[in-house]
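In what follows, a structure is listed as structure tokens, so that the remarks can point back to it.
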């Protein structure tokens with residue numbers, strides 16, 4: 005596979021004072037992975053308000069990149085929800 009077939013798309017996101025870079029790897033224009041790289045080197049402990057902001061900004065970043073995704077959010081109490089994000 006040629007190097008041109010593999011691309012990385014970067015989108016900054018924030019949650020309160022915490023900053024991260026969403027990195028989507030595309031192979032032949034199809035998304036194959038998504039990473040969230042936090043500025044601090046590890047995922048921070050987010051308050052409820054920051055978590056809401058992170059999820060909103062994450063979904064907005066996916067839409068900006070033109071990506072559809074089924075996103076699973078897991079809360080501290082172990083409950084989970086699935087959101088469909090579409091551009």
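In my numbering, the protein residues as written are 5 to 91. Every residue gets a Cβ at the ideal spot worked out from N, C-alpha and C, and that includes glycine.
With a cut-off of 8 Å on the beta carbons, I'd call residue i and residue j a contact; round off their distance for me.
| i | j | result |
| --- | --- | --- |
| residue 31 | residue 10 | 5 Å |
| residue 91 | residue 71 | 7 Å |
| residue 26 | residue 74 | In fact, because the Cβ distance is near 16 Å, the residues do not count as touching under 8 Å. |
| residue 59 | residue 77 | 6 Å |
Once DSSP output is grouped into helix, strand and coil, what is the label at residue i?
| i | result |
| --- | --- |
| residue 8 | helix |
| residue 18 | strand |
| residue 90 | coil |
| residue 32 | coil |
| residue 38 | strand |
Going by the DSSP bridge assignment, what does residue i pair with across the sheet?
| i | result |
| --- | --- |
| residue 43 | DSSP lists no partner for residue 43. |
* Evaluate contact between the stretch 39 to 53 and the stretch 14 to 25, counting only Cβ atoms and requiring at least three cross-stretch pairs below 8 Å. => At 8 Å Cβ cutoff, the stretches touch.
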